[in-house]
Amino acid sequence: MARKFTFNLQKYLDYKESIVNGKAADLLKSKKLLDKENNKLEKLFDEKEIATLDFKKNKPSRILDLAVMSSYVNQISKNIDDQKIVLDEKEKDFENEKISLQKDFKEKKAIDILKEKKLLKHKNYMKKNTEKKLDDLYMSRAKRNTQ
4 MARKFTFNLQ
14 KYLDYKESIV
24 NGKAADLLKS
34 KKLLDKENNK
44 LEKLFDEKEI
54 ATLDFKKNKP
64 SRILDLAVMS
74 SYVNQISKNI
84 DDQKIVLDEK
94 EKDFENEKIS
104 LQKDFKEKKA
114 IDILKEKKLL
124 KHKNYMKKNT
134 EKKLDDLYMS
144 RAKRNTQ
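One rule links them: number in the numbering used here = place in the sequence shown (from 1) + 3.
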């Protein structure tokens, strides 16, 4: 009778797979967030460029207009600096999640390889066991035929 293959670390392997899937989903969310923050930064750069061009084009004659436009450009520059800080934090978070996912994936892969080796060993054992039974059957038939 054939013995069914059971892998005693299967529950742990399933757990690791769910962890890897969860972290992959988190990494995807983090990547989307990173892209969103990057787009915000690009919009701020575009806004600053437009404001600077508008400032040069109109060349305000009154000091009040000059102060308002200068203040606006300075505020955009401050927003750009703030956005760079936010973007750096999001990049660090993304890299940390990526490293964590790679670590868990390597652990899962190692267990998968162990499972494959155990399965191959089991198949070889079953094959040898079947061959032994067939040999015994042939031997008993050969004995009967000679008697």
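Here a beta-carbon is modelled for each residue, glycine too, at the ideal position from N, C-alpha and C. From a predicted model like this one, the values you see are computed outputs, not experimental measurements.
Can you tell me where the alpha helix (DSSP H) with residue i in it begins and where it stops?
i	result
Asn61	13-61
Mapping DSSP to helix, strand and coil, what is residue i?
i	result
Met149	First, the amino acid is wrong: residue 149 is Thr here, not Met. Helix.
Arg6	coil
Beta-carbon within less than 7 Å of residue i's beta-carbon, same chain only, minus the 5 sequence neighbours each way: which residues are those?
i	result
Leu90	Glu40, Asn41, Leu44
If you measure between the beta carbons of residue i and residue j, is that distance less than 7 Å?
i	j	result
Leu161	Leu30	Because the chain is modelled from 4 through 150, residue 161 falls outside the range shown and cannot be assessed.
Ala54	Val76	yes
Leu12	Ile114	yes
Asp96	Ser33	yes
Please list, in chain order, all residues of the same chain as residue i whose beta carbon is under 8 Å from its beta carbon, the five residues on each side excluded.
i	result
Asp107	Lys19, Ile22, Val23, Lys26
With a CB to CB cut of under 6 Å and the five nearest residues on each side skipped, what residues in its chain are close to residue i?
i	result
Asn82	Leu47
>> In chain order, what are the residue ranges of uninterrupted alpha helix (DSSP H) at least 4 long that sit wholly in the stretch 64-135?
In response: The stretch 64-135 contains no whole alpha helix (DSSP H) run of 4 or more residues.
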